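The working numbering puts the first residue of the sequence shown at 1344, with every later residue one more than the last. Note that the Cβ used here is the ideal one computed from N, Cα and C, for glycine as well. None of the values given here were measured: they were computed from a predicted structure. Structure, as structure tokens:
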Amino acid sequence: MGNGNENNVKLKVTGLAKRYIDPPVQALKDVEFEVYDGDFFCIIGPSGCGKSTTLRLIAGFEKPTDGQVLLDGNEVQEPGPDRAMVFQDLNQLFPWKTTLKNVVYPLKVNKLYGSNKNRMEEAQKFLRMVGLDEKFDSAFPHQLSGGMKQRVAIARALALDPKVLLMDEPFGSIDAQTRTTLQQEVMKIWEETKKTILFVTHNIEEAILLGTKILVLGTDPGRVLELFDNPVAPPRLATDPDFGKFWKTLYNLLGHKDE
Ligand code: ADP
């Protein structure tokens, strides 16, 4: 609420269900939510509640058993560059391509920015935006730290200029200190680019730190428990009493016992 874009629905999920056959799992049932233009929309929930499944359905990697995903009013049918994804996996880059070529390649495949020269320039712009120095443009993924690889993955996704940026626990495999830095970088990028971001995490602090909205999912079947507007005022310091209060609310909602 309060950011003046409530009428501008970017993504609408209605009656979404996903049932896997082998093994039989009702991964999602009757999931409904709306994401507005410019939201930093965090999805949180325990392991197995269908967070990744939700993102994969939005990305178009899988088809729902029931329900719809609407992006700007159009039903998602297949993957597309308007929904770029950043995964948790630190091996999502092409190992045989340099940093720069990793970012340029999808731009070429999708015939964006007109010419190779423009694509190189755009790729460099986004690599600088995620804080990677020019000297790493010619490095290969195996020469980069985990945090740097995730920066490249984020630059690659941003360069596609997607309508929504999908991030599936992007910092889940990153050490705590680097994770804090990357969270701050993503916040800065979100403020600069005004991108609509869907960000999956199972970490309560991360959701409170980043999200303007926080969707809480529950398990068995994967379903919506509650959608919150983040009540903690930026810069959302852990020392803010509102932070602690909201943390407790989420902690309890996620099925932990009140202490
Ligand atoms: P989360 O991301 O919240 O941990 P997932 O979306 O990965 O949850 O999984 C939701 C449920 O669906 C889990 O029970 C998981 O085991 C199951 N599941 C996910 N992908 C598949 C698949 N390809 N085949 C069968 N079951 C799956």
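Any non-hydrogen atom of ligand 1 within 7 Å of residue i CB
i	result
T1396	yes
A1370	yes
S1390	yes
P1513	no
G1393	yes
P1366	yes
G1410	no
G1565	yes
Y1594	no
Assigned secondary structure, residue i (DSSP; H/G/I helix, E/B strand, else coil)
i	result
F1376	strand
I1364	coil
I1517	coil
F1571	strand
N1459	helix
T1539	strand
L1400	helix
L1443	helix
D1409	strand
T1582	coil
L1560	strand
T1524	helix
E1512	coil
C-alpha gap between residue i and residue j, whole angstroms
i	j	result
G1423	K1468	22 Å
K1372	A1550	23 Å
S1390	V1543	11 Å
E1569	D1480	43 Å
F1365	F1483	For the record, residue 1365 in the displayed sequence is Asp; it is not Phe. Each residue's alpha carbon lies about 38 Å from the other.
G1554	D1380	14 Å
V1419	L1398	12 Å
F1384	K1444	30 Å
Nearest-angstrom beta carbon gap, residue j and residue i [assumed within contact, 8 Å]
i	j	result
R1426	L1436	Not confirmed; about 19 Å, so no contact.
V1352	L1541	Rounded, the Cβ-Cβ distance is 14 Å, inconsistent with contact.
V1495	L1509	Not really, about 17 Å apart at Cβ, beyond 8 Å.
I1401	V1473	I1401 to V1473, Cβ: 23 Å. No contact.
D1563	V1575	About 29 Å; that fails the 8 Å criterion.
CB contact flag (residue i, residue j, <8 Å)
i	j	result
L1525	Q1486	no
A1370	V1446	no
E1421	G1410	no
G1388	L1593	no
T1539	V1507	yes
V1429	A1500	yes
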